[in-house]
Amino acid sequence: MLSLVQFRISLSKSTCKAIACVIAFVCCTADMVSQCCSAGSGSPIAGGYSQGVLSAKQLEFGANFQYINSAVFLTGREDAPDFLDNFQSSYVYGRVAYGVSKDFTMSIESGYWAHKGQVGLDARDTNETLGIGDLILFPRYDVLNSTSENNRTEITLGLGFKIPLGSYNDSARHLEPFSGNEYYVRLPLAVQTSSGANDIIFYGFFYRGFPDDNFNLFSNIVYIRKGWNPIGEKLGDYASVALFGSTSLFESLSAIMQLRFEWIDQMSVSEQVDYTEYDPEATGSKKLFVSPQLSYTFADNVVFYGLAEIPVYQYVSKTQIASQYQFTFGITYRMFVLSGDQSIDEVDESSETN
């Protein structure tokens with residue numbers, strides 16, 4: 000009979016290296032901006048670690064901070080200087096994941112907008128907000144995990160579900176200058192903290208490691224099927240394909256380079272909606288990013304990481320905010336949850352084969 004559950008920390012050397020290579024692969028954040036505003040990516044997997052599954056009975060806590068700032072505005076691919084002054088956001092993201100078995104991992108993820116706002120021309124018509132983001136339930140399953148003398152291969156599939164918690168219909172109070180009467184105007188989509196819809200997330204991950212050559216190759220694919228919110232809006236579906244290469248600079252420091260393409264479809268509005276404060280056709284984009292990244296492993300089970308996402312190609316429908324500066328800094332901590340009659344060696348053996 001199992002005795003009282005104990006928390007013990009144990010990571011094999013190979014697992015430690017995997018964390019250093021894996022955890023830094025932050026693709027994007029949770030609905031960083033609405034599709035009418037392309038300053039950030041439209042994927043809700045913030046922290047969106049490009050990863051497979053955890054070892055059996057392994058527990059992971061992760062958090063990161065993402066900052067976005069853009070004063071770049073485009074019409075198609077051309078500059079549009081007379082659109083807005085600035086868009087800026089600060090987002091804190093957290094996740095808890097658990098290895099139910101050596102092939103199946105379940106995670107719960109959410110975040111909080113510390114600030115999200117856009118400034119109109121000449122600092123007029125400024126809109127700001129803050130608040131909780133969305134909740135994401137994200138199971139992943141290993142369909143292939145093989146190790147040979149010279150390489151290791153892993154393929155993981157995931158199917159996630161986004162539950163809206165944040166506001167999608169916030170408004171700002173204004174005063175009529177002549178009468179002094181109050182009236183309210185809905186905030187732009189880019190400043191809302193949620194789309195207000197349930198989304199389905201399809202995820203695929205591929206890993207190929209070459210330990211003899213000190214090199215690892217990763218790839219992931221994300222497709223998000225957007226749902227309709229209660230007021231008849233559907234943000235455009237999202238897709239991204241990313242390729243990563245990593246190498247160890249020192250025993251605890253890894254460098255990663257990411258190349259990522261993303262596509263966001265135009266949003267849809269129900270026929271029952273008579274009027275919108277925005278142009279639904281001024282949504283959707285195609286972008287290509289390059290992201291240099293560093294990760295540092297401390298005490299075998301804590302990883303610090305940081306990255307900068309640099310846009311190298313952008314095309315937006317009509318006129319929108321484009322991407323300019325995006326930085327992410329985070330930390331992850333992993334441990335094993337063992338029963339009293341289970342040894343750490345047994346879990347280590349499982350993690351080596353996972």
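Numbered per numbering that gives the first Met the number 0, the sequence shown spans residues 0 to 353. Just so it is clear, CB atoms sit at the ideal spot from N, CA and C, and this is done for glycine as well. Computed from a predicted structure; not experimentally measured.
Considering only the beta carbon of each residue, do residue i and residue j sit closer than 8 Å?
{"i": "residue 157", "j": "residue 138", "result": "yes"}
{"i": "residue 248", "j": "residue 289", "result": "no"}
{"i": "residue 193", "j": "residue 218", "result": "no"}
{"i": "residue 58", "j": "residue 334", "result": "yes"}
{"i": "residue 184", "j": "residue 170", "result": "yes"}
{"i": "residue 104", "j": "residue 53", "result": "yes"}
{"i": "residue 303", "j": "residue 66", "result": "no"}
{"i": "residue 283", "j": "residue 208", "result": "no"}
{"i": "residue 79", "j": "residue 318", "result": "yes"}
{"i": "residue 281", "j": "residue 71", "result": "no"}
{"i": "residue 55", "j": "residue 100", "result": "yes"}
{"i": "residue 231", "j": "residue 271", "result": "yes"}
{"i": "residue 206", "j": "residue 246", "result": "no"}
{"i": "residue 277", "j": "residue 188", "result": "yes"}
{"i": "residue 86", "j": "residue 328", "result": "no"}
{"i": "residue 240", "j": "residue 220", "result": "yes"}
{"i": "residue 60", "j": "residue 332", "result": "yes"}
{"i": "residue 294", "j": "residue 253", "result": "yes"}
Using CA atoms only, rank isn't needed, just tell me which of the options is closest to residue i.
{"i": "residue 286", "options": "194, 73, 95 and 62", "result": "73"}
{"i": "residue 119", "options": "69, 76, 164 and 333", "result": "69"}
{"i": "residue 196", "options": "186, 163 and 202", "result": "163"}
{"i": "residue 300", "options": "293, 317, 330 and 316", "result": "330"}
{"i": "residue 238", "options": "263, 229, 332 and 254", "result": "263"}
{"i": "residue 215", "options": "232, 201 and 244", "result": "244"}
{"i": "residue 89", "options": "128, 75, 83 and 122", "result": "128"}
{"i": "residue 200", "options": "223, 96 and 130", "result": "223"}
{"i": "residue 83", "options": "211, 172 and 117", "result": "117"}
{"i": "residue 140", "options": "122, 60, 159 and 337", "result": "159"}
{"i": "residue 250", "options": "213, 123, 181 and 130", "result": "213"}
{"i": "residue 131", "options": "115, 145 and 144", "result": "115"}
{"i": "residue 161", "options": "279, 226 and 336", "result": "226"}
{"i": "residue 150", "options": "233, 336 and 211", "result": "211"}
{"i": "residue 122", "options": "242, 154, 81 and 233", "result": "81"}
With burial defined as no fewer than 16 other Cβ atoms inside 10 Å of the residue's Cβ, what is the status of residue i: buried or exposed?
{"i": "residue 204", "result": "buried"}
{"i": "residue 312", "result": "exposed"}
{"i": "residue 94", "result": "buried"}
{"i": "residue 50", "result": "buried"}
{"i": "residue 394", "result": "Because the chain here runs from 0 to 353, residue 394 falls outside it and cannot be looked at."}
{"i": "residue 147", "result": "exposed"}
{"i": "residue 292", "result": "buried"}
{"i": "residue 298", "result": "exposed"}
{"i": "residue 269", "result": "exposed"}
{"i": "residue 113", "result": "exposed"}
{"i": "residue 274", "result": "exposed"}
{"i": "residue 315", "result": "buried"}
{"i": "residue 142", "result": "exposed"}
{"i": "residue 198", "result": "buried"}
{"i": "residue 179", "result": "exposed"}
{"i": "residue 228", "result": "buried"}
{"i": "residue 261", "result": "buried"}
{"i": "residue 202", "result": "buried"}
{"i": "residue 98", "result": "buried"}
{"i": "residue 106", "result": "buried"}
{"i": "residue 108", "result": "buried"}
{"i": "residue 174", "result": "exposed"}
{"i": "residue 308", "result": "buried"}
{"i": "residue 306", "result": "buried"}
{"i": "residue 145", "result": "exposed"}
{"i": "residue 404", "result": "Since the first residue of the chain shown is 0 and the last is 353, residue 404 is not available in this structure."}
Practice prompt. Would you mind listing the beta strand (DSSP E) stretches within the stretch 187–260 that are 3+ residues and don't spill past its ends, in chain order?
Written response: 198–209, 214–224 and 237–247
Practice prompt. Only counting runs of 3 or more residues, tell me where the beta strand (DSSP E) segments fall wholly within the stretch 45–70, in order along the chain.
Written response: Taking only runs of at least 3 residues, the beta strand (DSSP E) segments lying wholly in the stretch 45–70 are 57–69.
Fill in: Every unbroken alpha helix (DSSP H) inside the stretch 250–328 [4 residues or more]
none
Worksheet item: Mind pulling the beta strand (DSSP E) runs of 3 or more residues that sit fully within the stretch 88–133?
Response: Listed in chain order, they are 103–118 and 126–131.
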